[in-house]
Structures are given as C-alpha cells and as structure tokens.
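**Student:** Residue numbers (the UniProt record's numbering): 1 to 363.
Glycine included, every Cβ here is placed at the ideal spot set by N, Cα and C.
Remember, it's a predicted structure, so these values are computed and weren't measured experimentally.
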Amino acid sequence: MEASSCGAGSSALRCSPRRWRPSAAADVAVVVAGRQEAGAPPARRRHLRPAGFLEKYPALITGFFFFMWYFLNVIFNILNKKIYNYFPYPYFVSVIHLLVGVVYCLVSWTVGLPKRAPINSTLLKLLFPVALCHALGHVTSNVSFATVAVSFAHTIKALEPFFNAAATQFVLGQQVPLPLWLSLAPVVLGVSMASLTELSFNWTGFINAMISNISFTYRSIYSKKAMTDMDSTNVYAYISIIALIVCIPPAVIIEGPQLLQHGFNDAIAKVGLTKFVSDLFFVGLFYHLYNQVATNTLERVAPLTHAVGNVLKRVFVIGFSIIVFGNRITTQTGIGTCIAIAGVAIYSYIKAKIEEEKRAKSA
Numbered sequence: 001m002e003a004s005s006c007g008a009g010s011s012a013l014r015c016s017p018r019r020w021r022p023s024a025a026a027d028v029a030v031v032v033a034g035r036q037e038a039g040a041p042p043a044r045r046r047h048l049r050p051a052g053f054l055e056k057y058p059a060l061i062t063g064f065f066f067f068m069w070y071f072l073n074v075i076f077n078i079l080n081k082k083i084y085n086y087f088p089y090p091y092f093v094s095v096i097h098l099l100v101g102v103v104y105c106l107v108s109w110t111v112g113l114p115k116r117a118p119i120n121s122t123l124l125k126l127l128f129p130v131a132l133c134h135a136l137g138h139v140t141s142n143v144s145f146a147t148v149a150v151s152f153a154h155t156i157k158a159l160e161p162f163f164n165a166a167a168t169q170f171v172l173g174q175q176v177p178l179p180l181w182l183s184l185a186p187v188v189l190g191v192s193m194a195s196l197t198e199l200s201f202n203w204t205g206f207i208n209a210m211i212s213n214i215s216f217t218y219r220s221i222y223s224k225k226a227m228t229d230m231d232s233t234n235v236y237a238y239i240s241i242i243a244l245i246v247c248i249p250p251a252v253i254i255e256g257p258q259l260l261q262h263g264f265n266d267a268i269a270k271v272g273l274t275k276f277v278s279d280l281f282f283v284g285l286f287y288h289l290y291n292q293v294a295t296n297t298l299e300r301v302a303p304l305t306h307a308v309g310n311v312l313k314r315v316f317v318i319g320f321s322i323i324v325f326g327n328r329i330t331t332q333t334g335i336g337t338c339i340a341i342a343g344v345a346i347y348s349y350i351k352a353k354i355e356e357e358k359r360a361k362s363a
C-alpha cells in the first residue's frame, strides 16, 4: 500500500544516507529516511550512537519494529474499510490520507525537524511524474479497497512484482533472470484462481487494483530518473504536496456534488459527527505511522529479511481482515490467495538473493 507522510514512505523510493535511490519492493509505500550526519567528526558520531538498552538488545528492538509495522498496517486497513462501509467516497478519503501526511511535513518544517530544503523548477519537473504516479496509484488502491473485500484487493495487489518485472524487461530494457519470471507464474495463477470465485468480485475493484499496480510500477521507473541529493524526508514531503494537489480536483469533480448533497450528512447520521471526524483523522494518522515504522524497520534489516517481512505483512492484513469483517471466501479463492502469496514469497526471496550476489561481486 501506499505511503503519504513525511518521514515515511513506499517501496518505490529507497533512500540512502546521502542519496535518494529507487527500490522495487512489492508493498506500495515510499521508504523515506532522514539524512544521516555522515560528515560529523568521529567524536560526534560516537556521541550520536544509541547506547544502553538499544545497543544491548538490537534483535528485540527490531522485533518490536516489526510488530508495530504489522499492527499499524492491520489497524489502518481495517479502519479504512470500516470508513468505506458507511462513507463510500474513496477519492475524498485518499485526499485525507495525503493531507495528514502533508500537515505532518509542514509541522516538521515549522519546528525545523527537518529543515526545509529549497526546491527549484528543475527538481520540480523531475518529481512531478513520480508524484503523479504516486497519486494515481494511491487513489486507485483506495477505490479498490472501497469496492471489494480488503483480502481480495491485497491478493490482486500481489501482482505488483509481475508488473515491475515486465516494466524492467520491456520498458527499461534490463534483463530479468529466468528464475524470477518462473517464480511469478504461481502469482498470476493464484490471483486468477482467487478472482474467478471471489464473492466480493466486481470489475471496478479489480480494474482499479490493477491500475494501482501499473501506477506504482511507473512510479518506480520515474523515481530512477529523478535522483537528487536532497535529503529523502524533504523529497517525500514535496512528493506528498504535489500528489495532494493532483488528487484534490478529481475528488471535487467526481465526488464533490454527492458529498455536498448527501455524502457528509449520511455519514454523520450513521455514526455521528465526532466519530466521523475522528475516524478520518485516525485513518490518516495510522496511514502515516505505519509507513514511518515500516521505514524504521526496513533500515534495520537486510534486503532478504525485508522481502520476507513484506510478504508476511500482506498475510497478516489478509488474515485479520477476513476475521474482522467475516468475509466469506470460497475454497478456490482461499487456495488461490495462498498460491499467490507463496509466489510473491518465492519471487522476493530469489530477487533478494540476486541483489545480494550483485552487491557481493561489486564489493
């Protein structure tokens, strides 16, 4: 799923301490981390290092980050779907997600954490395609979440690695190893099986989930062309602002009249003004927090652990959503979902091993 907060992000944009670099992780979020003080003198670096409990029990701390990543992700997906059950306006809710992230970034700039980096027209032109794809992928993901079961939407989104591989091979012209292509076969088979007998299936949800996969794939492609030395927190802040501006017009045009006529009133009549406003606030907050914790988690572990963790996260979301919402699924849908997730796990494992071998050879 897709990230939208300062200090948090999506897999399409991985950042090193000094340089923002793209990543093709399957989870739709933009991984964002603040710039480390690599140039600090040794004494200062020693002073900045964590001490005490954090240094003594690193595995325990990493485990805590994984727990919070999964917990916040599950809470976000469940609350998001609960909102759609009484307020089926995904364009407006998508704007709220982005708005909370932008407000967080603006507050961070105000207090100087981090200091706002200036932006020029050249950088703006580089970031705009990335932000446009981010906005499109985010909105279409939410349209899918609003119209089909959360478990099914995440099953469809398991196809994202397939689109990443296809774009790498046919758009970027980079050779994708045969084992990676073979590992994607069960993903395609599993999603096809799940779709054929999914009780909540409708074409709006399916097509929008597929569009989100394509959008996030192109976001990854454009991010590779938009390399910048600006620190990643500021980069993502500007992407969030641009994406928010892009998302507002379609939300107003497509859902504005309905919202003014009866959308807001219907939601308030069903749950009350206080709950309605608090739900929107907290869903945006959880959206930010789970991506921020995801960033902190992924920075602590190796790529292979990251890949496995990302697959398990999707399993947790699918499993808990079925339990919470009591979604009935057919045997074929269940088997198809398991096959698709297993395929993603195999793909992620092989891809991570290939990347590790490349790094070892270049070292």
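Looking only at C-alpha atoms, which of Thr330, Ile242 and Val277 sits nearest to Leu136?
**Tutor:** Ile242
**Student:** In angstroms with no decimal places, state the Cα-to-Cα distance between Ala237 and Ala267.
**Tutor:** 31 angstroms
**Student:** Closer than 7 angstroms by C-beta to Leu180: which residues in its own chain qualify, once you throw out the five before and the five after it? Chain order, please.
**Tutor:** So the list reads Ala165, Tyr347, Ile350 and Lys351, once near-sequence residues are dropped.
**Student:** Does DSSP put Ala194 in a helix, a strand or coil?
**Tutor:** helix
**Student:** Around the C-beta of Gly63, are 16 or more other C-beta atoms found within 10 angstroms, so that it is buried, or is it exposed?
**Tutor:** exposed
**Student:** Kindly give me the distance between the Cβ atoms of His288 and Gly101, rounded to whole angstroms, as I take these residues to be in contact under 8 angstroms.
**Tutor:** 5 angstroms
**Student:** Identify, in the order they occur along the chain, each residue of the same chain with its Cβ nearer than 8 angstroms to the Cβ of Glu255, setting aside the five sequence neighbours on each side.
**Tutor:** For Glu255, same chain residues with a beta-carbon under 8 angstroms away, outside a window of 5 residues either side, are Tyr89, Tyr91, Phe92 and Gly263 in chain order.
**Student:** Rounded to a whole number of angstroms, what is the C-alpha to C-alpha distance between Asn77 and Ser321?
**Tutor:** 8 angstroms
**Student:** With H, G and I counted as helix, E and B as strand and the rest as coil, what does DSSP make of Gly34?
**Tutor:** Legend: pLDDT at Gly34 = 35, less than 50; position of this residue unreliable, no value from coordinates given.
**Student:** Taking only three categories from DSSP, how would you classify Leu159?
**Tutor:** coil
**Student:** Under the rule that 16 or more other beta-carbon atoms within 10 Å means buried, what is Ile221, buried or exposed?
**Tutor:** buried
**Student:** Tell me the rounded alpha-carbon separation between Gln169 and Leu260.
**Tutor:** 46 angstroms
**Student:** To the nearest angstrom, report how far apart Val74 and Val283 are at their CA atoms.
**Tutor:** 11 angstroms
**Student:** Could you tell me the distance, in whole angstroms, from the CA atom of Tyr79 to the CA atom of Asp279?
**Tutor:** Inspection of the sequence shows that residue 79 is occupied by Leu rather than by Tyr. Distance between the alpha carbons of Leu79 and Asp279 is about 7 angstroms.
**Student:** Within 8 angstroms, do at least three Cβ pairs link the region 185-196 to the region 116-123?
**Tutor:** no
**Student:** Less than 9 angstroms between the C-beta atoms of Ser212 and Thr155, yes or no?
**Tutor:** no
**Student:** Evaluate Leu199 with the Cβ neighbour count: other Cβ atoms within 10 Å of its Cβ, from every protein chain shown; 16 or more gives buried, anything less gives exposed.
**Tutor:** That one is exposed.
**Student:** Give the C-beta separation of Asn85 and Val148 to the nearest angstrom, bearing in mind that I take them to be a contact with Cβ-Cβ under 8 angstroms.
**Tutor:** About 13 angstroms; that fails the 8 angstroms criterion.
**Student:** Could you check the C-alpha separation between Ala345 and Phe163 for me, to the nearest Å?
**Tutor:** 16 angstroms
**Student:** Using CA atoms only, rank isn't needed, just tell me which of Glu356, Leu182 and Leu126 is closest to Asp229.
**Tutor:** Leu126
**Student:** Between Lys270 and the rest of its own chain, which residues show a CB-CB distance below 7 angstroms, the 5 nearest in sequence each way excluded?
**Tutor:** Tyr86
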